[in-house]
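Numbering (the working numbering), first residue to last: 272 to 622.
A short worksheet on the structure shown next.
Here it is as structure tokens:
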């Protein structure tokens with residue numbers, strides 16, 4: 272039987288550290304649950320050093336975390352690096368729970384390009400429904416190359432860090448709803464993470480995953496456009512997007528804003544397609560709000576440019592003030608770029 276992500280280990284600590292492994296940087300957030308409250312103990316971003324090998328970058332992160340008290344005494348929840356996973360929505364006849372894992376494995380064989388034994392996989396039941404007088408489960412299933420997950424696991428275990436689970440970012444985005452007030456947890460929410468190489472989207476109803484999509488469209492395409500077509504170096508392009516965005520003040524202001532508007536239109540179109548397909552599957556549902564997270568979400572002016580494409584409120588997700596932050600120095604650091612790491616920690620905070 273293959274090990275599934277969430278069943279790798281069970282450890283007894285109330286501190287969970289989420290590690291969001293990205294192409295541009297690795298983000299780390301440690302969260303402690305205490306008497307029903309959530310406390311942020313540690314926040315740090317580890318930028319990837321130019322020309323540094325990816326494994327070496329993760330080893331550097333693991334080495335520093337092994338010296339940090341909060342991380343060292345916590346359960347680690349890691350994301351599969353660089354989105355190197357496949358995902359499927361599978362329809363499986365309703366069967367006893369102890370038979371479901373084998374059924375998911377059997378269905379996966381029909382979709383994977385390599386033998387299923389070469390993958391580590393996990394699944395979440397999205398809903399139960401009727402189809403031609405048969406009760407079925409819709410199951411969100413993810414699979415990643417086993418060699419990749421074992422390599423990731425060993426990098427952190429070799430530093431005597433306790434890895435609780437390995438998961439994928441769409442499931443981490445669902446975990447973010449644990450930060451929200453009860454009134455919003457009952458809503459139908461769109462949560463999108465705009466990263467450097469890709470954008471991940473989920474729809475959450477009553478705190479549970481209902482729909483997901485991952486597309487290969489990220490900030491890197493905008494950076495490449497600025498670099499190739501307008502002669503702005505990549506490093507300067509990144510700084511321009513992060514600090515100025517639609518408020519660019521350079522001599523190419525009109526050109527940059529025009530290019531950004533075109534890029535935002537492409538992102539918005541992909542979100543619209545995602546939502547339209549969800550409505551086709553769930554005709555009685557209506558989305559109440561959209562939250563954007565990730566490095567792309569902090570671009571100045573992005574929300575204002577995004578809002579006209581949707582008939583519900585679009586906002587940047589930031590951890591609410593109700594969350595206790597033990598080290599006050601973290602307060603300014605805990606921006607939306609850490610949301611996925613926080614979601615990983617919260618998704619792994621309950622067995």
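Yeah, the Cβ is synthetic: ideal placement off N, Cα and C, and Gly gets one too.
Residue nearest to residue 312 within the set 286, 580, 575 and 579 is 286 (criterion: CA-CA distance).
About 6 angstroms separates the CB atoms of residue 458 and residue 560; that is less than 8 angstroms, so the two are in contact. Rounded to the nearest whole angstrom, the C-alpha separation of residue 486 and residue 470 is 5 angstroms. Residue 449 has its alpha-carbon roughly 11 angstroms from the corresponding atom of residue 443.
The DSSP assignment places complete alpha helix (DSSP H) segments of no fewer than 4 residues inside the stretch 387–429 at 417–428, in order along the chain. Rounded to whole angstroms, the gap between the alpha carbons of residue 363 and residue 479 is 19 angstroms. CA-to-CA, the gap between residue 321 and residue 327 works out to about 12 angstroms. Rounded to whole angstroms, the separation of the alpha carbons of residue 345 and residue 292 is 18 angstroms.
Contact between residue 580 and residue 539 is confirmed by a C-beta separation of about 4 angstroms, below the 8 angstroms threshold. Looking at 497, 502 and 461, the one whose alpha-carbon comes closest to that of residue 531 is 497.
Taking the C-beta atoms as reference points, residue 562 is found nearer than 8 angstroms to residue 462. Across the set 610, 305 and 423, the C-alpha of 610 shows the shortest separation from the C-alpha of residue 466. In this structure, residue 488 lies near residue 541, with their beta-carbon atoms less than 8 angstroms apart. Beta bridge pairing from DSSP links residue 316 with 298. Contact check for residue 588 against residue 447 passes: the beta carbons are separated by less than 8 angstroms.
Residue 308 is bridged by DSSP to 305. About 15 angstroms separates the beta carbons of residue 420 and residue 358, which is beyond the 8 angstroms limit, so they are not a contact pair. A contact between stretches requires three or more CB pairs, one per stretch, nearer than 8 angstroms, and the stretch 425–439 meets this requirement with the stretch 329–336. Distance from residue 379 to residue 414 at the Cβ level is roughly 6 angstroms; contact confirmed, criterion being Cβ atoms closer than 8 angstroms. In this structure, the beta-carbon distance from residue 299 to residue 290 falls below 8 angstroms. Using a Cβ distance threshold of 8 angstroms, residue 473 and residue 441 count as a contacting pair.
Restricting attention to 355, 365, 295 and 390, the CA atom closest to the CA of residue 405 is found in 365. When the five nearest sequence neighbours on each side are left out, the beta carbons in the same chain lying within less than 8 angstroms of the beta carbon of residue 342 are those of 288, 299, 301, 313, 336 and 432, in order along the chain. When the beta-carbon positions are compared, residue 477 and residue 456 come within less than 8 angstroms of each other. Nearest Cα to residue 351 within the set 574, 525, 502 and 418: 418. Looking at the DSSP output, residue 586 sits in a beta bridge with 562. Boundaries of the beta strand (DSSP E) around residue 483: 479–486.
Taking each of 566, 558 and 499 in turn and checking the Cα distance to residue 510, the smallest one comes out for 566.
DSSP, read as helix, strand or coil, puts residue 503 in coil. In the structure shown, the three-state DSSP call for residue 362 is strand.
Under the 10 Å beta carbon count, residue 384 is surrounded by fewer than 16 other beta carbons and is classified as exposed. Within the model, the alpha-carbon separation for residue 349 versus residue 374 is close to 26 angstroms. Short of 7 angstroms from the beta carbon of residue 612, and not among the five residues preceding or following it, lie these beta carbons of its own chain, in chain order: 289, 290, 291, 298, 299 and 300.
Collapsing the DSSP output to three states places residue 617 in a helix. Membership of residue 569 in any beta strand (DSSP E) is not indicated, and neither H nor E is assigned to it by DSSP. Taking a 10 Å sphere around the C-beta of residue 536, we find fewer than 16 other C-beta atoms and assign the residue as exposed.
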